[in-house]
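Enquirer: Residues in the sequence shown are numbered consecutively from 76, following the working numbering.
After the structure tokens below, expect a handful of questions from me.
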Amino acid sequence: MFLKGKRALITGSTSGIGLAVARALHAEGAEIVLNGFGEDSEIAKLREEMSADYSNANLLEAPAIEQMMADAGDIDILVNNAGMQHVSPVEEFPAEKWDAVIGLNLTAPFHTTRLAVPGMKSRGWGRIINTASAHSLTASPFKSAYNASKHGIAGFTKTIALELAQTGVTANCISPGYVWTPLIEGQIPDTMKARGLSRDEVINDVLLAKQPTKKFVQPNEVGALAVFLCREEAGNVTGANWSIDGGWTAG
Ligand code: NAD
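This is the structure in structure tokens:
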């Protein structure tokens, strides 16, 4: 329970990776502020499970982010995790999708960070953890906005790590490969249909083709890495981009 007395805001924490990170930080005693969309009843259950506060802020809207940060109180651990994808050749990429992907994956973390940093600095302790992606280190075709946003968040993270280096505040990226989340699971039936493949073929030949371990990263493994980054022993870990991708970016 080494995080007792610390307050953590995790964006996009009603599902998938963000939810696992929230649970992992809660298990170490952190007070949790959840954010993201979902059924009211599901969100109520999550709030009860973690005695958590919750913001329904749409992170595509800067004023909503400002309101969320004002309501959230003193945030010691900021996990910028909410993200979205759009897959399309660049010449057909809808401009509004480009804006949305960059807005959620890159601009929203800028806003939450600029608003959280003054309090962290004044308390002399803080952790900023950005969920980037293997796509912050390498690219795949048809994901121009996503790859740009994830490379961008890696550069942003390095910059703030340098700016905050002597303040007790660290900033790091976690870069997962394919993680088993509802988002990925939901793509399997459509991909089976579109490609005429079995479930196993979709998993092994499409999704895990790039992941040498041939295993999905599990959300709780990302949670465990986030917990490590919050430890005192991680105080000199800053500006890093931590791969958790089954060896994808080693190749
Ligand atoms: P997910 O779809 O399961 O969760 C996304 C979360 O973001 C949800 O809580 C959703 O409600 C919230 N969200 C979406 N739009 C929002 C908005 N406008 N405002 C506020 N909240 C919003 O996705 P996930 O797979 O858990 O992905 C989480 C992060 O991990 C993303 O940044 C994603 O790019 C990254 N990532 C995922 C994988 C993967 O394989 N799943 C791999 C690498 C990186």
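We put the beta carbon where it would ideally sit given N, CA and C, even for glycine.
Let me check understanding here. Comparing Cα to Cα, which of Glu296, Thr242, Val277 lies closest to Gly252?
Expert: Among Glu296, Thr242, Val277, the Cα nearest to that of Gly252 is on Glu296.
Enquirer: Measuring only from the beta carbon, is Pro251 closer than 7 Å to any heavy atom that is part of the ligand NAD?
Expert: For the ligand NAD, at least one heavy atom lies less than 7 Å from the Cβ of Pro251.
Enquirer: On a CA-only basis, which of Asp149, Val176, Gly227, Leu212 is nearest Ser197? Give me that one, please.
Expert: Comparing Cα positions, the closest option is Asp149.
Enquirer: If Asn316 sits next to Ser215, beta carbons under 8 Å apart, how far is it from one beta carbon to the other, in whole angstroms?
Expert: Asn316 to Ser215, Cβ: 17 Å. No contact.
Enquirer: For Phe168 versus Ala95, is the C-beta spacing smaller than 8 Å?
Expert: Result no, Cβ atoms of Phe168 and Ala95 do not sit closer than 8 Å.
Enquirer: With respect to the alpha helix (DSSP H) encompassing Ile177, which residues constitute its N-terminal and C-terminal limits?
Expert: Note, Ile177: alpha helix (DSSP H), 170 to 177.
Enquirer: What are the uninterrupted segments assigned as alpha helix (DSSP H) that are 4 or more residues long and contained completely in the segment 129 to 156, given in chain order?
Expert: Entirely contained in the segment 129 to 156, the alpha helix (DSSP H) runs reaching 4 residues are, in chain order, 137 to 147.
Enquirer: Considering only their Cβ atoms, is the gap separating Leu190 from Glu141 smaller than 8 Å?
Expert: For Glu141 and Leu190, yes; Cβs fall inside 8 Å.
Enquirer: Can you tell which of Leu258, Glu106, Val176 has the C-alpha that lies nearest to the C-alpha of Glu123?
Expert: That would be Glu106, whose Cα lies nearest to the Cα of Glu123.
Enquirer: Return the CA-CA distance between Phe217 and Ala229, expressed in angstroms with no decimal places.
Expert: Roughly 20 Å separates the two Cα atoms.
Enquirer: Which same chain residues, not among the five before or five after Val281, have their C-beta less than 8 Å away from its C-beta?
Expert: Excluding sequence neighbours, Val281 sits near Thr266, Arg270, Leu272.
Enquirer: Could you work out which residue in Ala170, Asn155, Ala99, Thr89 is closest to Asn131 when comparing CA atoms only?
Expert: The candidate whose alpha carbon is nearest that of Asn131 is Thr89.
Enquirer: Roughly how many angstroms separate the alpha carbons of Leu84 and Gly178, rounded to a whole number?
Expert: When rounded, the distance between both Cα atoms is 19 Å.
Enquirer: Give a single yes or no on whether Phe217 has its beta carbon closer than 7 Å to a heavy atom of the ligand NAD.
Expert: For the ligand NAD, not one heavy atom lies less than 7 Å from the Cβ of Phe217.
Enquirer: Do Leu179 and the ligand NAD come close, with the Cβ less than 7 Å from some heavy atom?
Expert: Leu179 Cβ: within cutoff of the ligand NAD.
Enquirer: Which two residues bound the contiguous beta strand (DSSP E) that contains Ala202?
Expert: The question names Ala, yet the displayed sequence has Arg at residue 202. First-last of the beta strand (DSSP E) with Arg202: 201 to 206.
Enquirer: Does the beta-carbon of Met159, which I'm using as the reference point, lie nearer than 7 Å to any heavy atom of the ligand NAD?
Expert: Correct: Met159 has its Cβ closer than 7 Å to the ligand NAD.
Enquirer: Quick check on Trp34: does DSSP put it in helix, strand or coil?
Expert: This structure cannot settle anything about residue 34, because the visible part of the chain is limited to 76 through 326.
Enquirer: Using a threshold of 7 Å, is the CB atom of Pro257 nearer than that to any non-hydrogen atom of the ligand NAD?
Expert: It does: the Cβ of Pro257 is within 7 Å (strictly closer) of some heavy atom of the ligand NAD.
Enquirer: Do you know how far the Cα of Ile204 is from the Cα of Thr256?
Expert: Straight-line Cα distance between these residues: approximately 19 Å.
Enquirer: Need the endpoints of the alpha helix (DSSP H) that Gly306 sits in, please.
Expert: Note that residue 306 is Arg in the sequence shown, not Gly. Neither: Arg306 is in no alpha helix (DSSP H) and is coded neither H nor E.
Enquirer: Check Ser349 in the structure and name its three-state DSSP category.
Expert: Residue 349 lies beyond the residue range present for the chain, which begins at 76 and ends at 326; the question has no answer from this structure.
Enquirer: For Leu100 versus Ala309, is the C-beta distance shorter than 8 Å?
Expert: The answer is no: Cβ separation not under 8 Å.
Enquirer: Measuring straight from C-alpha to C-alpha, what distance separates Thr313 and Thr232?
Expert: Whole-angstrom Cα-Cα distance: 9 Å.
Enquirer: Straight-line CA distance for Thr288 to Thr324?
Expert: If you take the alpha carbons of Thr288 and Thr324, they lie about 12 Å apart.
Enquirer: Do Ile152 and Lys81 count as a contact pair if the criterion is CB distance below 8 Å?
Expert: Yes. Within cutoff.
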